[in-house]
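**Q**
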Amino acid sequence: MSMDVKRIFISSLVYLVIALLLMSIMLPIVWIVVTSFKPESVAKIPSVWVFEPTLDNYRYIASIKPIWKPLADTLLVATSVAILSLAFGTPAAYALARYEFRGRDDLAFWILTFWMSPPVVFVIPLFLMFDRMGLLDTYIAIVLAHTLGNLPFVIWLMREYIRDVPREVEEAALIDGYSDAQVFARITLPLIKPGLVAVGILAFIFSWIEFLFALVLTTFNVRLLTVEVSSYWTIAGVILGPMTAAITISIIPATLFAFILQKHIVRGLTLGAVKGE
Amino acid sequence: MASVRLVRVRKVFHTPRGEVTAVDDVSLEVRDGEFLVLLGPSGCGKTTTLRMIAGLETPTRGEIYIGDRLVNNLHPKDRDVAMVFQNYALYPHMRVRDIIAFPLKIRKYPREEIDRRVREVAELLKIEHLLDRRPRELSGGEQQRVALGRAIVRRPQVFLMDEPLSNLDAKLRVVMRAELKRLQKSLGVTTIYVTHDQVEAMTMADRIAVMNKGRVVQLGTPRELFARPANTFVAGFIGSPPMNMIECSLDPGRGLLDCGVLKYPLDPNTGSLLQSRGVIEVILGIRPQHVRIQKGEVPDSVARVPVYVVEPMGTETIVNFKLGETMLKAVVPADVEVEAGEVWSIVFPRERVYIFDKKSGELVA
Ligand SMILES: Nc1ncnc2c1ncn2[C@@H]1O[C@H](COP(=O)(O)OP(=O)(O)OP(=O)(O)O)[C@@H](O)[C@H]1O
Ligand SMILES: [Mg+2]
Chain A
242 MSMDVKRIFI
252 SSLVYLVIAL
262 LLMSIMLPIV
272 WIVVTSFKPE
282 SVAKIPSVWV
292 FEPTLDNYRY
302 IASIKPIWKP
312 LADTLLVATS
322 VAILSLAFGT
332 PAAYALARYE
342 FRGRDDLAFW
352 ILTFWMSPPV
362 VFVIPLFLMF
372 DRMGLLDTYI
382 AIVLAHTLGN
392 LPFVIWLMRE
402 YIRDVPREVE
412 EAALIDGYSD
422 AQVFARITLP
432 LIKPGLVAVG
442 ILAFIFSWIE
452 FLFALVLTTF
462 NVRLLTVEVS
472 SYWTIAGVIL
482 GPMTAAITIS
492 IIPATLFAFI
502 LQKHIVRGLT
512 LGAVKGE
Chain B
4 MASVRLVRVR
14 KVFHTPRGEV
24 TAVDDVSLEV
34 RDGEFLVLLG
44 PSGCGKTTTL
54 RMIAGLETPT
64 RGEIYIGDRL
74 VNNLHPKDRD
84 VAMVFQNYAL
94 YPHMRVRDII
104 AFPLKIRKYP
114 REEIDRRVRE
124 VAELLKIEHL
134 LDRRPRELSG
144 GEQQRVALGR
154 AIVRRPQVFL
164 MDEPLSNLDA
174 KLRVVMRAEL
184 KRLQKSLGVT
194 TIYVTHDQVE
204 AMTMADRIAV
214 MNKGRVVQLG
224 TPRELFARPA
234 NTFVAGFIGS
244 PPMNMIECSL
254 DPGRGLLDCG
264 VLKYPLDPNT
274 GSLLQSRGVI
284 EVILGIRPQH
294 VRIQKGEVPD
304 SVARVPVYVV
314 EPMGTETIVN
324 FKLGETMLKA
334 VVPADVEVEA
344 GEVWSIVFPR
354 ERVYIFDKKS
364 GELVA
């Protein structure tokens, strides 16, 4: 085999593997989107790919069982969670990155272990606490719970971004006349902006797709999309058409975010490997 | 403007691999308006000393005064010092113009004054054409000049400069050396300047503090350090080419230093001084510029040996002799004709010879 043929062979093989991987990820999504346009008669038959598309399912979630409140609630909660996660997580990360104290690295790792433990461990205590405080089914409860769940990875990731800012740059500003707080706000924060964006989006998405806390801590006053979607499984069976329409609507914002800020997210996931400039 | 005083300052870093004593019991007084150079090899604690004066590092022990004020617990912003960092530390998200103006803006200088000063500084440092760039669009030398600009745009109590010329090309470095010295004298700002380049230290300093392993081993004017190095470390560090150092042992019977091939007759006073101190093993030091060589036989020569290699430098010539293990260098005028292999007499003028205790390294005579 000549070099060229060999190279073409190898690269087609690589593309084939990538295509298979992509298909395994995309197929459920494609199926959901396709199903959401199917008429009721064929909705539950996956093998039917040819049909007269209809907007019935979307009409259903627009008026019969409106998706507007869950959509608005989820947007509000996820946005609040992203902002609060950064507001609490970034200063904590700064302290863990910049101040020398005994057991610092152990503390940082301990915080991360919360992210590795199963959420179900926390949901019952949180339920009891919010119940006692009369906060069940409120925005405050679910926003706090999601923020709490996000903080470990927010702190961990932001710490990596902060470490990428040379300490001397901050020190130069101290000597030039800034206080510690001013250095953080006007030197460090602008320099870790890509990190703030990437981590903020991740926090948003994690809140958007979270189900367990939402199921336990909210009901009707606050209605999140994940819970709303699951409610299409009724005693009369799954109302598949409208359900897939609701899912289609609910994956749009996160997907859009992921596309628009793909660059930042990739950088966020490579951590310290990429310098922040 | 102010003096800077360090009293028995010590800095110990705790690392996972144990304790590192970066600065060890340094006492130092920098006079008001003085240009003091901290000179020493890599890792001797120069940067750490500077950082403690700036307030970026807290001394483990000892006191630091700026003027009459004890500053140990004073925040860097309240010390009124300006610093040039070894690695520049420019603000990556700002343009050069704003970086230089930064300390003035914080101090709320009027707009016109800021503009004027930035222009002056940019002109002095020859970076006018770079004012609208960002740090990552600059070469190392350009970044270094911007860092220098950010420091000298102010009139602080003290300038702290950590190898501010190390990344400039040789020509620009010579120019900047002179400009910086002139600027410092005209502003009269007390300056502590770190370098490991002895030429820079000699040409710029009012006084030099030579550091080694966290300690100040000698403090004095460039002349003093050159003429009377307190120990072999300073002797070897200052002067170019470095001082010849030859290991010898005292032969009290014959009243001379036995250095293998080379025999150096002592004057009786020095001989008895060494004996009274019990110093037998010594290091004989003589600067290459002070070694005299002659083609013929001379009565007071210390050795007659063949020339090993000749290095013409243009204005002068370095002649190398091999004495056992050590190389002896002599600097002679360029018009002296020397060929490798020829046998020459070597003469050490008595008043140019330094004798150090080999064990302690201290100057004895
Ligand atoms: N933050 C730190 N933690 C641990 N050790 C340190 C720290 N800073 C400096 N040191 C150590 O202290 C010693 C002195 O360092 P310093 O940076 O002051 O040297 P220097 O004279 O400036 O050297 P150079 O000419 O290479 O810049 C070195 O051994 C260094 O490894
Ligand atoms: Mg240094």
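As given, the protein sequences belong to chains A and B, one line each in that order. For the first sequence, this note's numbering begins at 242 and goes up steadily by one. For the second sequence, this note's numbering begins at 4 and goes up steadily by one. The beta carbon of each residue, even a glycine, is placed where N, CA and C say it ideally should be. All values derive from a computational prediction rather than experimental measurement.
Output the distance between the C-alpha atoms of K108/B and I117/B, rounded to the nearest integer angstrom.
**A** 8 Å
**Q** May I have the straight-line CA-CA distance separating A499/A from V440/A, to the nearest angstrom?
**A** 12 Å
**Q** Following a CB-centred definition, is T50/B positioned closer than 6 Å to any heavy atom of ligand 2?
**A** yes
**Q** Once DSSP output is grouped into helix, strand and coil, what is the label at T429/A?
**A** helix
**Q** Which chain A residues are close to K362/B, counting only those with a beta carbon under 9 Å from its beta carbon?
**A** Those do not exist, as K362/B stays about 40 Å from chain A at its closest Cβ, beyond 9 Å.
**Q** Applying the criterion that 16 or more other CB atoms from any shown protein chain within 10 Å of the CB defines a buried residue, is T318/B buried or exposed?
**A** exposed
**Q** Give the DSSP-derived three-state secondary structure of G364/B in the structure shown.
**A** coil
**Q** Using the beta-carbon of each residue, which ones in chain B are nearer than 9 Å to L432/A?
**A** Y94, P95, H96
**Q** Is T61/B near ligand 1, judged by its Cβ being under 6 Å from some heavy atom?
**A** no
**Q** Which residues bound the beta strand (DSSP E) around L2/B?
**A** With chain B covering only 4 through 368, there is no way to say anything about residue 2/B.
**Q** Mind checking whether A2/B and M86/B have CB atoms under 7 Å apart?
**A** For chain B, the structure presents residues 4 to 368; residue 2/B sits outside this window and is missing.
**Q** Considering just the uninterrupted stretch of the beta strand (DSSP E) at Q221/B, what are its terminal residues?
**A** 218-223
**Q** Please list, in chain order, the chain A residues whose beta carbon lies closer than 8 Å to that of L59/B.
**A** E412, L415, I416
**Q** If you follow the alpha helix (DSSP H) that E66/B is part of, which residue opens it and which one closes it?
**A** Run containing E66/B: none in the alpha helix (DSSP H); it sits in the beta strand (DSSP E), 64-69.
**Q** Looking at E281/A and G482/A, is the spacing between their C-beta atoms short of 7 Å?
**A** yes
**Q** Could you check which residue in N272/B, D303/B, G242/B, P232/B has the C-alpha nearest to that of K266/B?
**A** D303/B
**Q** Which whole runs of the alpha helix (DSSP H) in the region 428-465 of chain A are 4 residues long or more, in chain order?
**A** 434-450, 453-458
**Q** Whose Cβ in chain B lies nearer than 8 Å to the Cβ of P407/A?
**A** N90, A92
**Q** With DSSP as the reference, label T496/A as helix, strand or coil.
**A** It is helical.
**Q** Do you know offhand how far G371/B's Cα is from A208/B's?
**A** Only positions 4 to 368 of chain B appear in the structure, and residue 371/B is not among them; the question remains open.
**Q** Less than 6 Å between the CB of T460/A and some heavy atom of ligand 3, yes or no?
**A** This structure simply doesn't include ligand 3; it includes ligand 1 and ligand 2 instead.
**Q** From R339/A, L377/A, W449/A, pick the residue whose C-alpha is nearest to that of I492/A; which is it?
**A** W449/A
**Q** Would you say M164/B reaches chain A, if we count a Cβ-Cβ gap shorter than 7 Å as a contact?
**A** Against chain A, the CB of M164/B has no partner CB under 7 Å away; the residue lies outside that interface.
**Q** Which stretch, first to last residue, makes up the alpha helix (DSSP H) that contains N298/A?
**A** 297-300
**Q** In whole angstroms, what separates the C-alpha of P225/B from that of M205/B?
**A** 5 Å
**Q** Any heavy atom of ligand 2 closer than 6 Å to the CB of Q201/B?
**A** no
**Q** Would you say the beta carbon of G21/B comes nearer than 6 Å to a heavy atom of ligand 1?
**A** no
**Q** Quick check on DSSP: helix, strand or coil for W474/A?
**A** strand
**Q** Just checking: is the beta-carbon of P113/B within a distance shorter than 7 Å of some beta-carbon in chain A?
**A** no
**Q** For P62/B and chain A, any beta-carbon pair shorter than 7 Å?
**A** no
**Q** Keeping to the same chain, check which residues put their C-beta closer than 7 Å to that of V10/B; ignore five residues upstream and five downstream.
**A** S30, G65, E66
**Q** Grab the span of the alpha helix (DSSP H) containing L376/A for me, first residue to last.
**A** Looking at the DSSP string, L376/A is not in any alpha helix (DSSP H), and its letter there is neither H nor E.
**Q** Hey, is I155/B's beta-carbon within less than 7 Å of any beta-carbon in chain A?
**A** Chain A, which has no Cβ nearer than 7 Å to the Cβ of I155/B, makes this no.
**Q** So P62/B and R13/B are in contact, right, with Cβ under 8 Å, and what is the actual spacing, rounded?
**A** 6 Å
**Q** My parser needs the alpha helix (DSSP H) runs of 4 or more residues fully inside the region 146-197 of chain B; what are they?
**A** As far as the region 146-197 of chain B is concerned, its whole alpha helix (DSSP H) runs of at least 4 residues are 173-190.
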